[in-house]
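Residue numbers (the working numbering): 8 to 252.
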């Protein structure tokens, strides 16, 4: 039987971490990599026999890479504290890690907004991977570098994405700074064309191509805020270029 480690980065997640840990209690090992939380996140995690690492946050990739070295299982599932593994997804994970057909799997994440899951506004992200020559790259929306074929699990991961409108916008702004810094490091430049075209394309892609319109008003809101996130990224790129940050 193949074994499974779950890695969860945390910072002040006392309202979410317990339900997350309960949902992955089937794992052989659970690692919390905490950014020195000031609430009860760590105390709650200690009740669930987790291995707890502490590291000052600098970027998302480094936090996860720091924890990977302590993973002792054949497979790793990367999770955030506001995510939940359903019973169906649990059974699918256990079944597939013992099939030996793929070395990594994408999982579907529907957005949760306005008290409902938006199944037409989902992301497919590699989160389940063999513990072999893996690492993350990138400051935000980090990319998992791995070997081998990638499969897709059919069951959804529950993701309580946004805690409200202002939290959603704040999160987009935070990510935009990381993305702007990454773009600047790659010598990319922003123009007024980017400020107009890129956000417009993101809105149409989310709302029309990915059928966000089928999710009603929440789908419209997500598309609009996604577009704002792209606009914010290019504004911040211009600010960094002109040394106005």
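Backbone N, C-alpha and C fix where the C-beta goes; we use that ideal spot for every residue, glycine too.
Residue 124 is bridged by DSSP to 119. With respect to residue 187, residue 232 sits apart: the two C-beta atoms are not nearer than 8 angstroms. Taken in chain order, the unbroken stretches of beta strand (DSSP E) that lie wholly in the stretch 150-215 and span 3 residues or more are 150-152, 157-163. Each of 50, 85, 81 was checked against the Cα of residue 67, and the nearest Cα belongs to 85. From the listed residues 39, 61, 114, 65, the smallest Cα separation to residue 54 is found for 39. If you draw a straight line from the Cα of residue 194 to the Cα of residue 249, it is about 14 angstroms long. Between residue 167 and residue 119 a beta carbon distance of about 5 angstroms is seen, short of the 8 angstroms cut, so the two are scored as contacting. The closest CA to that of residue 158, considering only 234, 178, 100, is found on 100. For the pair residue 28 and residue 82, the CB atoms are not nearer than the 8 angstroms cut-off.
In the DSSP annotation of this structure, residue 17 is not part of any alpha helix (DSSP H); the continuous beta strand (DSSP E) holding it starts and ends at 11-17.
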